[in-house]
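Those sequence lines, one after another, are chains C and S.
Take 336 as the starting number for the first sequence in this note's numbering and just add one per residue.
Take 2 as the starting number for the second sequence in this note's numbering and just add one per residue.
Structure, as structure tokens:
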Amino acid sequence: AQTVTQSQPEMSVQEAETVTLSCTYDTSENNYYLFWYKQPPSRQMILVIRQEAYKQQNATENRFSVNFQKAAKSFSLKISDSQLGDTAMYFCAFMNYGGSQGNLIFGKGTKLSVKP
Amino acid sequence: DVKVTQSSRYLVKRTGEKVFLECVQDMDHENMFWYRQDPGLGLRLIYFSYDVKMKEKGDIPEGYSVSREKKERFSLILESASTNQTSMYLCASSPPAAYQETQYFGPGTRLLVL
Numbered sequence: 336a337q338t339v340t341q342s343q344p345e346m347s348v349q350e351a352e353t354v355t356l357s358c359t360y361d362t363s364e365n366n367y368y369l370f371w372y373k374q375p376p377s378r379q380m381i382l383v384i385r386q387e388a389y390k391q392q393n394a395t396e397n398r399f400s401v402n403f404q405k406a407a408k409s410f411s412l413k414i415s416d417s418q419l420g421d422t423a424m425y426f427c428a429f430m431n432y433g434g435s436q437g438n439l440i441f442g443k444g445t446k447l448s449v450k451p
Numbered sequence: 002d003v004k005v006t007q008s009s010r011y012l013v014k015r016t017g018e019k020v021f022l023e024c025v026q027d028m029d030h031e032n033m034f035w036y037r038q039d040p041g042l043g044l045r046l047i048y049f050s051y052d053v054k055m056k057e058k059g060d061i062p063e064g065y066s067v068s069r070e071k072k073e074r075f076s077l078i079l080e081s082a083s084t085n086q087t088s089m090y091l092c093a094s095s096p097p098a099a100y101q102e103t104q105y106f107g108p109g110t111r112l113l114v115l
């Protein structure tokens, strides 16, 4: 069974600095997707960024980028120029390619606090 | 924009009551999901549905049932609520996995069972 591990329950960063959130996963599959979801204090979960395992190039969305290391089964999220609005729970998630109607497997989350 | 709505943001129920949590999406998505979110445990899948009247058990289906009579609506039912079902419940929807993989979430329902 696939598992997703986020080893940092809580992190903090100063505004405008860079922070990296860690995520590792375990799977025997070769094709899959990886996601980072953000849940601000208002609780609406939104997608931050996603990565297809067959793509070698790391995904980037504005200030958010990932470091995808397929061999190491590692998928970290880097937030550059942190803003107060980045304060949220961040969840790493895994999905098998084309399987199980798109079931996501989530990590336990990292609570990020951005301090002014 | 995809919109997923949940019938209540906060709900307080008594032990033994039958509880209905409703979820509606407006993007004609085939897949719908119910998750439970607890501190330190992340999100755990309760049930999902990939079509009208179809349902599949997730990781923690015990004590829950679901109903999907219409494509846009997916209901989670607690037949006899218990205190250990106090939690945040999140609904999500997505198109078929073959075409799009992103799940879109509702705002959540925080349920307190007394």
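Ideal Cβ placement from N, Cα and C applies to all residues, glycine included.
Residue i burial status per 10 Å Cβ neighbour count (16 or more: buried)
| i | result |
| --- | --- |
| R44 (chain S) | It is worth fixing the name first, because residue 44 (chain S) is Leu in this sequence and not Arg. So L44 (chain S) ends up on the buried side. |
| F21 (chain S) | exposed |
| E102 (chain S) | buried |
| N438 (chain C) | buried |
| L115 (chain S) | exposed |
| K71 (chain S) | exposed |
| R398 (chain C) | exposed |
| A336 (chain C) | exposed |
| V354 (chain C) | buried |
| S342 (chain C) | exposed |
Of the listed residues the options, nearest to residue i (C-alpha basis)
| i | options | result |
| --- | --- | --- |
| M424 (chain C) | S:P40, S:S8, S:K54 | S:P40 |
| Y360 (chain C) | C:P375, C:P344, C:V339, C:T353 | C:V339 |
| P96 (chain S) | S:N32, S:Q7, S:R15 | S:N32 |
| Y367 (chain C) | C:T355, C:F403, C:T353, C:L382 | C:F403 |
| A407 (chain C) | C:F399, C:A388, C:A394 | C:A388 |
| E63 (chain S) | S:V53, S:L77, S:Y105 | S:L77 |
| V25 (chain S) | S:R37, S:V67, S:Q7 | S:Q7 |
| D29 (chain S) | S:R15, S:K4, S:E18 | S:K4 |
| T16 (chain S) | S:D52, S:Y48, S:S94, S:A82 | S:A82 |
| F441 (chain C) | C:V401, C:Q392, C:T355, C:M380 | C:M380 |
| K19 (chain S) | S:F34, S:Q104, S:S94, S:L79 | S:L79 |
| L382 (chain C) | C:L369, C:L419, C:P344 | C:L369 |
Reduced DSSP category for residue i - H, G, I as helix; E, B as strand; rest coil
| i | result |
| --- | --- |
| N85 (chain S) | helix |
| L419 (chain C) | helix |
| I381 (chain C) | strand |
| N366 (chain C) | coil |
| N32 (chain S) | strand |
| K413 (chain C) | strand |
Separation of residue j from residue i, as counted between CA atoms
| i | j | result |
| --- | --- | --- |
| S9 (chain S) | Q86 (chain S) | 16 angstroms |
| T110 (chain S) | Y90 (chain S) | 5 angstroms |
| L12 (chain S) | L112 (chain S) | 5 angstroms |
| A394 (chain C) | F106 (chain S) | 22 angstroms |
| E396 (chain C) | S448 (chain C) | 20 angstroms |
| A428 (chain C) | C358 (chain C) | 9 angstroms |
| P108 (chain S) | D416 (chain C) | 27 angstroms |
| S68 (chain S) | S94 (chain S) | 15 angstroms |
| S363 (chain C) | E352 (chain C) | 36 angstroms |
| K405 (chain C) | Q386 (chain C) | 11 angstroms |
| N365 (chain C) | S400 (chain C) | 22 angstroms |
| R378 (chain C) | Y65 (chain S) | 23 angstroms |
| L37 (chain S) | I47 (chain S) | Here residue 37 (chain S) is Arg; the residue named in the question, Leu, does not match the sequence. Between R37 (chain S) and I47 (chain S), the C-alpha separation is close to 7 angstroms. |
| E23 (chain S) | T422 (chain C) | 29 angstroms |
| K486 (chain C) | K54 (chain S) | No answer is possible for residue 486 (chain C): it lies beyond the span of chain C, which begins at 336 and ends at 451. |
ask   = Should the stretch 341-356 of chain C be regarded as contacting the stretch 50-70 of chain S, the criterion being three or more beta carbon pairs within less than 8 angstroms?
value = no
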